[in-house]
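What follows is a single structure, written as structure tokens, with notes after it.
Residue numbers (full-length UniProt numbering): 1 to 125.
If you want it as structure tokens, here you go:
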């Protein structure tokens with residue numbers, strides 16, 4: 001069944017209870033799979049989409065796309081990275097599959113994720 005195993009570019013409506021970090025936003029929000037994490041039995045990595053809390057300098061504009069359940073313009077943001085529980089992926093009540101982004105949008109979203117600032121590893125100095 002499509003949507004039960006997240007693939008890059010798949011869009012889900014994710015409830016905060018389906019994330020390991022418990023998303024601070026109370027209602028479900030659209031999230032796109034940016035990393036399947038096949039060696040992690042618990043979760044895949046998602047980037048959330050916002051229609052209100054955007055930052056033009058760090059977020060990627062996302063036009064409405066009714067085919068994937070994105071009914072209003074918004075922004076994909078690496079500020080909102082979440083780990084989504086694999087066991088709940090595709091469940092309509094907590095992690096409903098909405099569709100898959102198509103290129104060039106999919107490529108733009110994945111490029112945006114890959115270009116995020118990486119945390120620097122400290123060496124104690």
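Backbone N, C-alpha and C define an ideal beta-carbon position, used for all residues, glycine too.
- For residue 81, the closest C-alpha among the options 3, 64, 16 is that of 16.
- Below 8 Å, enough C-beta pairs join the stretch 20-32 and the stretch 40-52 to call them touching: three or more.
- Membership of residue 45 in the beta strand (DSSP E) is indicated by the continuous run 43-50.
- Assigned with DSSP and collapsed to three states, residue 94 falls in coil, not helix or strand.
- Distance from the CA of residue 14 to the CA of residue 118, rounded to the nearest whole angstrom, comes to 24 Å.
- Residue 65 has 70 as its beta-bridge partners, per DSSP.
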